[in-house]
Structures are given as structure tokens and as C-alpha cells.
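Trainee: Numbering (UniProt numbering), first residue to last: 1 to 395.
Ideal Cβ placement from N, Cα and C applies to all residues, glycine included.
See below:
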């Protein structure tokens, strides 16, 4: 029995949902951690190796799945949380934009301020302020903040998406098929750009920070959440096949990349995230991560310390994501030394570990600040004296 049949024959979303408490999905914690860990790897490799490196781009072509996984996770979490609740658009927007929109503006200001203070741009004060306004609109204050901009676009569309999912209950396979067709057309368009000038060219250059190139993955996550019981049954039954399929897809994608570079295509072009054949690989990797995360979740009770570490990592992951480019930027002066002493490969691994450690430490500090809610969308953590915690546990 195929996954498509399993999903579409499962009980659909109730058209008139009643508020209920849904089980906590521990596999999502690990999925989130693995995705963000790979996001950091993308930025470390891309920021520390030669853009023309065949080996570096060969790794990046696989790690580019992180964008798609991020937005699939967004769609999944939103639908899983709200599928059984009545959703009022204004209430939803007010809540979600407070958790992501405020951190987006705050970190845009932080990275803009860093660029001004470090003298990364030669500009007047007026030009700097105009740049800030433009970057707030385009997600360009730093290279990772467009993730949040696209996420907010998903929030804007979510009430409509939920209505569509409820209206098409039982026909979600066709909804996904239409979305996939739109996705392939969009990708082909992105890698075969038209000749444009002026305002049209400017809009085209920022198409990648709109939801259009990622809409299929948001919908994929949303549909998976609609049919979570069927998805979990299928993963338990066919998990090894998903892993094997992902390995094959990865191997074929890497083969195509190497073939393209041997035929003369620049490595950066051969590893373009928008190549139309890569969605097969990306969906395969997403399925692999969810399968592995589900296997772990089923066995987490026997590994309490690991379960606590995963819960901790999931809680800090957003802060780590937001702060890690700053840590990479601060470590930039030592990159040549790392490559000279340890070689490019091991030097990059050490750089990754240093960036990760500093980002986790920075995220921990942020979570203890009164402005934690504004910076990472979570309330401040307060220190609890050990004696008080033990006393509370006995009550």
C-alpha cells in the first residue's frame, strides 16, 4: 500500500473542529534540531570555503534541503496545532506575528547595527537608514533572516490554507499534485530567468524570499499534519524503505552534480537550490529525517538524558538559528588559520563546532534576558535555586 493511499484514506480534518489537546510529538523536537544543525552547516561551509569548490558545493547541494524542511516543518506545526480549533484570522495573526515578527525586526536591527558598526557598508547615515527599510521589507539584513520573512508570509496565508484543507478533505492528494506542478513550473522559471530591467528585475531578484518557491513544502507539511496518524503508521511500516529511497535520491543528486561540473558547469550553479530535479531528493531527506526522528521518539524513554538534551536543543534552536551567523562573522579572522593548520576539511569541521558552541551559549544567555520574548519568541527563563526546586518537587 502506497503512502499516498494511506494518507488520503485516513480520517480527514473535521470540517467543524472542536478544541482538543493533541499528543506532544517528540519526533518534531529532533527533526527541528537536525534541520537547524544542517542550516548552520550550510552557512559555515558557504562562508568559509571557495565558492568554486567542487567538494564544498557537493556537500551544499545536499544540505540545501534545509530550506524546504524548515517550511515543511512550519506548515506541519501550524496545522497540527490548529486543525482541531476554530481559527480567527486576526487572533491567529496577532499571536504568531508577536512570536516571529518582533524577533525578525529585532534581529534585523541587530545585524544592521553590526554592519554599520563594523563598517561593512560605505554609506551616509541617510543611505544606511534607507538600506534598513529595504532590508526589513526583503529579509536582507543578514543572509538567514529571509527564513522569517517567508514564515510570516505563511502566517498571512494560513487561515486561508486551513479553510482550503477542510474544504478539500478526502482530496488532499490532488491538492498536493497541483501544488507540485506549480512548484516545478516555478523552479524551471527561476533557473531560466527572463531578461528584465528596472523594477521588474528588482522584483525578480527577490522572488526567492517570497513563499512561491516554497509553497509545496508548506502544503506538504500541512497535509502530513492533517493525516498524522496515517503518516506515523506508514513510517512504522515502511520506514526502512524511506531511508533507502532517500539514500538513492541523494546518490543520484550527487551524481548529477558531479556530472554537471565535469561538463563545465560552475559548481555554484550545479548546486543551485532551485534546480527542478532536486525536490525528489529534498522530499526524500525530509522523509528520512522524520523517520529517524520517529524511531528515536519511540525509544526515548530508555534514554532519559538524551531526551532531555533533545528537549533542550529544541527549545534553544530558534535562538541558535538567529545568532549563529553573528558568531560565524566574529570567527571569520581565524578561518585562514584553521584551514592552514588543519586543512580545509577538518578546519571547516572545527569552525562548525566552534560556531555551534558559541551560538548555543549565546542562545542560552538570550533565554535568560528580560527581552527573551522579543528576541526569540519565548519568555525569559528564570534561575531556580536547587533547594527551592527540590522543595517544590516534594510538595
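In whole angstroms, what is the alpha-carbon distance linking residue 296 and residue 242?
Mentor: Their Cα atoms are separated by approximately 15 Å.
Trainee: Quick check on DSSP: helix, strand or coil for residue 25?
Mentor: Residue state, collapsed to three classes: coil.
Trainee: I need the straight-line Cα distance from residue 152 to residue 103, nearest angstrom please.
Mentor: Whole-angstrom Cα-Cα distance: 11 Å.
Trainee: With C-beta atoms as the reference, is residue 282 less than 7 Å away from residue 36?
Mentor: Cβ atoms of residue 282 and residue 36: not closer than 7 Å.
Trainee: Which residues mark the beginning and the end of the alpha helix (DSSP H) in which residue 234 is found?
Mentor: Residue 234 -> alpha helix (DSSP H) spans 228-262.
Trainee: So, helix, strand or coil for residue 285, using DSSP?
Mentor: It is helical.
Trainee: Verify whether the separation of the beta carbon atoms of residue 83 and residue 111 is less than 7 Å.
Mentor: Against a cut-off of 7 Å, the Cβ pair of residue 111 and residue 83 comes out as no contact.
Trainee: Starting from the N-terminal side, write out each stretch of the alpha helix (DSSP H) that is 4 residues or longer and does not extend beyond the stretch 37-66.
Mentor: For the stretch 37-66, whole alpha helix (DSSP H) runs of length 4 or above, ordered along the chain, are 54-63.
Trainee: Rounding to the nearest angstrom, what Cα-Cα distance links residue 184 and residue 192 in this structure?
Mentor: Straight-line Cα distance between these residues: approximately 12 Å.
Trainee: Is there contact here, the stretch 371-380 with the stretch 329-339, by at least three beta-carbon pairs under 8 Å?
Mentor: The stretch 371-380, when compared against the stretch 329-339, does not touch it at the 8 Å Cβ threshold.
Trainee: Rounded to whole angstroms, what is the Cα-Cα separation between residue 76 and residue 220?
Mentor: Each residue's alpha carbon lies about 8 Å from the other.
Trainee: Hey, how far is the Cα of residue 131 from the Cα of residue 147?
Mentor: If I take the Cα positions, the gap works out to 19 Å.
Trainee: Leaving out five residues on either side along the sequence, give the residues of the same chain with a beta carbon under 7 Å from the beta carbon of residue 41.
Mentor: Answer for residue 41: 63 and 352, listed in chain order.
Trainee: How about residue 308 and residue 363: are their beta carbons less than 7 Å apart?
Mentor: No. Outside cutoff.
Trainee: Hey, how far is the Cα of residue 3 from the Cα of residue 234?
Mentor: Only weak support exists for where residue 3 lies, its pLDDT of 37 falling under 50; the coordinates are left without a value.
Trainee: With a threshold of 16 other CB atoms inside 10 Å of the CB of residue 370, please say whether the residue is buried or exposed.
Mentor: Burial call: exposed.
Trainee: CB residue 54 to CB residue 348, shorter than 7 Å?
Mentor: The answer is no: Cβ separation not under 7 Å.
Trainee: Check the C-beta distance from residue 173 over to residue 80 and give it rounded, since I have them as a contact under 8 Å.
Mentor: At roughly 19 Å, the Cβ-Cβ gap does not stay under 8 Å, so residue 173 and residue 80 are not in contact.
Trainee: For residue 290, collect the residues of the same chain with a Cβ closer than 7 Å to its Cβ; drop the 5 residues on either side in sequence, then sort them by chain order.
Mentor: Around residue 290: 27, 31 and 235.
Trainee: Taking a contact to mean a Cβ-Cβ separation below 7 Å, would you say residue 52 touches residue 267 in this structure?
Mentor: Going by C-beta atoms, residue 52 is nearer than 7 Å to residue 267.
Trainee: How big is the Cα-Cα spacing for residue 382 and residue 118?
Mentor: So the two alpha carbons sit approximately 33 Å from each other.
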